[in-house]
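Just below is one structure, and these are the notes that go with it.
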Amino acid sequence: MRLNNLRHSVAVILLTLVSAMSALAKPKPFQIYFVDVEGGQSTLVVSPSGQSLLIDTGWPGFDGRDANRIVAAAKAAGVKKLDYVLITHFHRDHVGGVVQLADKMPIDTFVDHGPNQEDSDVTREDYAAYEKVLPRG
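Quick note: this note's numbering has the sequence shown finishing at residue 147, numbered continuously throughout.
Pasting the structure below:
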């Protein structure tokens, strides 16, 4: 009978210690990074659980300038892959960097408002490049 009481006491003590240690553990912060993409803005959001959302990808070209800035922000946030990339619209300063970014880091899911409805050569060109990247996500 005493052995059972001892086991019970040890179990209660261990549970109390684990609970106390969990309460002392510092929760991860909610992080937001505003990335300068020279015109549009790219925003990286990282939840306390570590899930990431990138809003817009900046411009194409410029030797990968915008993609490199986004990757640097992701690295600073401890993000190795983007869980979601949200493209707000298909203008070059918002969707243009998606191809270069997808070449530099994995992207799980793309989110957008559906097919391009704008009738301009540059928007159709950028949307076509974006469509080629979609199967990677």
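Where is the CB? At the ideal position from N, CA and C, for every residue including glycine.
The structure presented is a predicted model; accordingly, all values stated were derived computationally and were not measured.
Between residue 124 and residue 68, the CB-CB gap reaches or exceeds 9 Å. According to the DSSP assignment, residue 136 belongs to the alpha helix (DSSP H) that extends over 131-143. Given a length threshold of 3 residues, each whole run of the beta strand (DSSP E) inside the segment 33-81 is given here in chain order: 41-47, 50-56, 62-65. Under the DSSP assignment, residue 113 falls in the alpha helix (DSSP H) whose first and last residues are 108-114.
With fewer than three CB-CB distances shorter than 8 Å, the segment 78-86 does not count as touching the segment 125-138. The Cβ neighbour count for residue 100, taken over all protein chains shown within 10 Å, is at least 16; the residue is labelled buried. Counting along the chain, no alpha helix (DSSP H) covers residue 89, and no H or E run does either. Nearest neighbour of residue 118 by Cα position, chosen from 96, 42, 129, 51, turns out to be 96. Beta-carbon to beta-carbon, residue 52 and residue 73 are separated by about 17 Å, too far to satisfy the 8 Å threshold. Cβ neighbours of residue 144 within its own chain (closer than 7 Å, five residues either side excluded): 120.
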